[in-house]
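S.K.: Numbered by our numbering, the letters in the sequence shown go through residues 769 to 1252 in order.
Glycine included, each C-beta is placed from N, C-alpha and C at the ideal position.
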Amino acid sequence: MKNFINWNFDNSYSKLPDSFKENITPVSVRNPKLLIFNENLAKELNLDFSKIERSQLSNIFAGNILPDGSNSIAQAYAGHQFGHFTMLGDGRAVLIGEHITRKNKRYDIQFKGSGKTSFSRNGDGRAALGPMLREYIISEAMHSLGIPTTRSLAVVQTGEEVIRERPLKGAILTRVALSHIRVGTFQYIAARQKKDELETLFNYVINRHYSNISNSKNKAIDLLKIFLEKQVELVINWMRIGFIHGVMNTDNMSISGETIDYGPCAFMDLYDPKTVFSSIDQMGRYAYCNQPLITKWNLSRFAECLIPLIDKDQDKAINTATEIINTFENKYEIKWLNMMRNKLGLTNIYEEDKYLILDLLTWMHQNKVDYTNTFCHLMDFKVEKDKNYEKSDFQNWKKKWRERLKKNNNNSENSMKLMRNANPLVIPRNHKVEDALNEANKNNTKPMIKLIEILNNPYNEKTDLANYQEPSVSKEKYQTFCGT
Ligand code: AMP
Ligand code: MG
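#1: Alpha carbon to alpha carbon, how far is I877 from N1224?
#2: Hey, is L1112's beta-carbon within less than 9 Å of any beta-carbon in chain C?
#3: Taking the CB atoms as reference points, tell me whether H1013 and Y1054 lie closer together than 9 Å.
#4: Report, in whole angstroms, the separation of the C-beta atoms of L809 and L921, which I expect to be a contact under 8 Å.
#5: Does the distance between the C-beta of L856 and the nearest non-hydrogen atom of the ligand AMP fall short of 8 Å?
#6: Any heavy atom of the ligand MG closer than 8 Å to the Cβ of N1017?
#7: Rounded to the nearest angstrom, what separates T1063 and L784 at their Cα positions?
#8: Hey, L1067 and L969: beta-carbon distance below 9 Å or not?
#9: Could you say which of H848, E1238 and Y1236 lies nearest to N1017 if we only look at CA atoms?
#10: Report the option in N1178, E1221, I1217 and F1143 whose CA atom is closest to the CA atom of R1188.
#11: DSSP on L1038, reduced to helix/strand/coil?
#12: When the Cβ atoms of the segment 1040-1053 are set against those of the segment 1077-1084, are three or more pairs found closer than 8 Å?
#13: Assign E866 to one of two classes, buried (16 or more other C-beta atoms within 10 Å of its C-beta) or exposed (fewer than that).
#14: I need the straight-line Cα distance from K819 to K811, nearest angstrom please.
#15: Does the Cβ of F829 lie closer than 8 Å to at least one heavy atom of the ligand AMP?
#16: With DSSP as the reference, identify every bridge partner of A958, one or two as the case may be.
#17: Got a sec: does the ligand MG put a non-hydrogen atom nearer than 8 Å to the Cβ of D1029?
#18: Any heavy atom of the ligand MG inside 8 Å of the beta-carbon of F1020?
#19: With A844 and F887 assumed to form a contact (beta carbons below 8 Å), what rounded beta-carbon distance in angstroms separates them?
#20: Would you kindly work out how many angstroms separate the C-alpha atoms of N1058 and K884, rounded to a whole number?
#21: Determine the extent of the beta strand (DSSP E) in which Q1247 is found, giving its start and end residues.
#22: Sorry if obvious, but does the Cβ on Y904 come closer than 8 Å to a heavy atom of the ligand AMP?
#23: Alpha carbon to alpha carbon, how far is A945 from K1168?
#24: Please classify K963: is it buried, with 16 or more other beta-carbons within 10 angstroms of its beta-carbon, or exposed?
#25: Kindly list the residues whose CB is nearer than 7 Å to the CB of G837, restricted to its own chain and excluding five residues on each side of it in sequence; keep chain order.
#26: Determine whether the beta carbon atoms of L803 and A1208 lie at a separation below 9 Å.
#27: Write down the C-beta distance between I1222 and G1010 rounded to the nearest angstrom, noting that I regard them as a contact closer than 8 Å.
#28: How should D786 be labelled, buried or exposed, when 16 other C-beta atoms within 10 angstroms of its C-beta is the threshold for buried?
#29: So F879 packs on I828, CB below 8 Å; how close in whole Å?
#30: Taking a contact to mean a Cβ-Cβ separation below 9 Å, would you say I1023 touches T953 in this structure?
#31: For H852, which of helix, strand or coil comes out of DSSP?
#32: Out of A1234, P800, T1213 and L1186, which one is the CA nearest neighbour of E1152?
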């Protein structure tokens, strides 16, 4: 096929040793139909699909036609799933290649739902339409919220059924990522106990993602430190907007620091630190308030993989790694407080800020108040009247907050700016996402496209937001499913 599209592949991962991957092409599908396509992202990638007919596009994003220069593989990895170590790998995804943009940025292009591979175990290698569209909506919303994330370029319906509890429409998502290397990739290689393979992966990662430390004295130590910083940043961003990933297994923790694998994720509405949406997370391992702790746990699993590279003396290596991992709490606390200060428009640092912040969170929790909308209320942004905001305990808190604002070394305009950058006016409300998915499943993509458009600009005031700001009125507990 002529390359009108400007694909510019340079596939480095597929050149790694055979044990890292399986060479495989996507299994073709019967009757693909493009449901949604991300023109903005295509532009950012310098891809031009304008000369391609819709039917051809459907075949391209179904993997029925592979572009010149692609070299498709399924990647091997392992991971701790809910604390248990398992061999995994791309059981329903194929990396078709690494595309290089004009600015020389490298992106993985992956089809998710593209058929069986040698890593499929008992799975069918396929994905259902709902979960793929859900990943599209939420990953793009996360990007607009300013949070590192994999992106979504397209979703096609395959025209084939996938059998779950009941027959569902099949679909394939085109996922774009800085890479798909996970903590679980390191765990897989480390478990093989071949130091040369570990070094190969390690050098590959330094070269691809962390070339700034390529000349440092001990790259393994520095990688652990940098990765820890990245993950602290990431989880704080999640906490800022009330995002609950839902399945923070080590195979779902990207080495590049991007949010990856939107399975049962969802946004918290009423503030409750113990919020869990995922139906399989019975023990609340991945609850909102546990996310920092799990991040640290996952980082420890990563550190274990690096031990042979940190020092020849294993005890020394373990001590060094432990010391680094134990910096987590302190770093997290400082950054979390600063993030919360931004949400409240506070500059300067006062010891008492912590109590002001915790008082607000406790009040929200006790009164079952919406997390996002409370900050909108504090910014005087019109949200549906919640009688809770008239209560005297909240008014008293507000008084203390205003007193504290006076101690800022800036004017109120700057303070407002801080708040506006930290507090989204709109998030993907669970009921809105569900409504959009239900309609899309009936071939009406309009509500989904409108929702995506609204979520595209979450910090800016627009006239038509009101409909998208309210938490669900349903009394039923919202539940999400993995959709595998
Ligand atoms: P996930 O829950 O998407 O993070 O996937 C966890 C593991 O299960 C990964 O190794 C996936 O490739 C694999 N997996 C999930 N769904 C399927 C499926 N339908 N067929 C084969 N493998 C799957
Ligand atoms: Mg996964």
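M.R.: A quick look at the data gives this:
#1: If I take the Cα positions, the gap works out to 22 Å.
#2: Reference to chain C is not applicable here, since this structure consists of a single protein chain.
#3: Yes, the pair counts as a contact, with Cβ atoms nearer than the cut-off.
#4: At roughly 5 Å, the Cβ-Cβ gap stays under 8 Å, so L809 and L921 are in contact.
#5: It does: the Cβ of L856 is within 8 Å (strictly closer) of some heavy atom of the ligand AMP.
#6: Checking the Cβ of N1017 against the ligand MG gives yes.
#7: Between T1063 and L784, the C-alpha separation is close to 28 Å.
#8: Contact flag unset, no.
#9: Measuring from the Cα of N1017, the nearest candidate turns out to be H848.
#10: Nearest option by C-alpha distance: F1143.
#11: Strand at L1038.
#12: Judged by Cβ distances under 8 Å, the segment 1040-1053 makes no contact with the segment 1077-1084, as fewer than three pairs qualify.
#13: E866 should be labelled buried.
#14: Taking the straight line joining both Cα atoms gives about 14 Å.
#15: No, since every heavy atom of the ligand AMP falls outside the 8 Å radius drawn around the Cβ of F829.
#16: For A958, which the question treats as bridged, DSSP gives no partner whatsoever.
#17: Proximity of the beta carbon of D1029 to the ligand MG is indicated: a heavy atom of the ligand is located closer than 8 Å.
#18: In the sequence under discussion, the amino acid at residue 1020 is Asn, which differs from the Phe named in the question. Checking every heavy atom of the ligand MG against the Cβ of N1020, one is found closer than 8 Å.
#19: About 7 Å separates the beta carbons of A844 and F887, which is inside the 8 Å limit, making them a contact pair.
#20: Taking the straight line joining both Cα atoms gives about 34 Å.
#21: It is not in any beta strand (DSSP E) - Q1247 carries neither H nor E in the DSSP assignment.
#22: No, since every heavy atom of the ligand AMP falls outside the 8 Å radius drawn around the Cβ of Y904.
#23: Their Cα atoms are separated by approximately 44 Å.
#24: Burial call: exposed.
#25: Around G837, the same chain offers W775, F777 and G865 as residues with beta carbons nearer than 7 Å, after the five sequence neighbours per side are excluded.
#26: For the 9 Å CB-CB criterion, L803 and A1208 form a contact.
#27: Between I1222 and G1010, the beta carbon gap of about 17 Å keeps them out of contact (Cβ cut-off 8 Å).
#28: Under this definition D786 is an exposed residue.
#29: In fact, because the Cβ distance is near 10 Å, the residues do not count as touching under 8 Å.
#30: With contacts defined as CB atoms closer than 9 Å, I1023 and T953 qualify as a contacting pair.
#31: Judged by DSSP in its simplified three-state form, H852 adopts strand.
#32: Of A1234, P800, T1213 and L1186, the residue nearest in Cα terms is A1234.
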